[in-house]
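Chemist: My questions will all concern the structure given below.
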């Protein structure tokens, strides 16, 4: 995959894009990090912006298997506890196995779950667009993944601004290797209007 150029920071008032989050993760993650991915709408950007720099550095499921990333990330961290583990997951995908966060809390499995929250199943919206149809399903902007995480006992924070994102990543990434506490970082991102797998 050709390396993408990280986008410039958003101008004042512009919403974050998934590419902003991914580029900032790529700048900060240690080389030994295992990245578990389930973000269908942002997969091309993730592949282009976030390199796998070590064996077992990147895990993903085939397209169409929803609910993989949260429990997989927990299992990976339990299997290789010496390696930091980050799951990057769409908010729609996270809803298929959100209860896995309880397991991470219960068994003290320190994973950072970065949730790209666009408030919809954006990949499905793009597929409907390709068939010149309106998406027959609603968005879910009112759903709070961070709120559900907290209800399951998991630390969580929702960010909407670039400066907040940078501050959270600067605080969280250095503690990844030693942490026994899972954390959900829900990042509000705009839904992209196009998708090119």
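In my numbering, the protein residues as written are 861 to 1057. Backbone N, C-alpha and C define an ideal beta-carbon position, used for all residues, glycine too.
(1) Can residue 880 and residue 871 be called in contact, C-beta distance under 9 Å?
(2) By alpha-carbon positions, which one of 965, 1021, 1035 ends up nearest to residue 1009?
(3) Would DSSP call residue 902 helix, strand or coil?
(4) In chain order, what residues of the same chain lie with their CB nearer than 8 Å to the CB of residue 960, ignoring the 5 residues before and after it?
(5) Tell me the DSSP secondary structure of residue 920 in three-state form.
(6) Nearest to residue 972 by CA position, among 875, 902, 1035, is which residue?
(7) Indicate whether the contact test is met: 3 or more Cβ pairs, each with one atom in the segment 948 to 960 and one in the segment 1017 to 1029, closer than 8 Å.
(8) Mapping DSSP to helix, strand and coil, what is residue 891?
(9) Could you tell me which of 915, 890, 877 sits nearest to residue 903, measuring between CA atoms?
(10) Residue 1046 and residue 1006: beta carbons closer than 9 Å?
(11) Could you give the distance in angstroms between the alpha-carbon of residue 885 and the alpha-carbon of residue 898?
Modeler: According to the structure shown:
(1) The criterion of a C-beta distance shorter than 9 Å is not satisfied by residue 880 and residue 871.
(2) 965
(3) DSSP, reduced to helix, strand and coil, places residue 902 within a helical segment of the structure shown.
(4) 930, 931, 934
(5) strand
(6) For the residues 875, 902, 1035, the minimum Cα distance to residue 972 belongs to 1035.
(7) No, they do not touch.
(8) coil
(9) 877
(10) yes
(11) 15 Å
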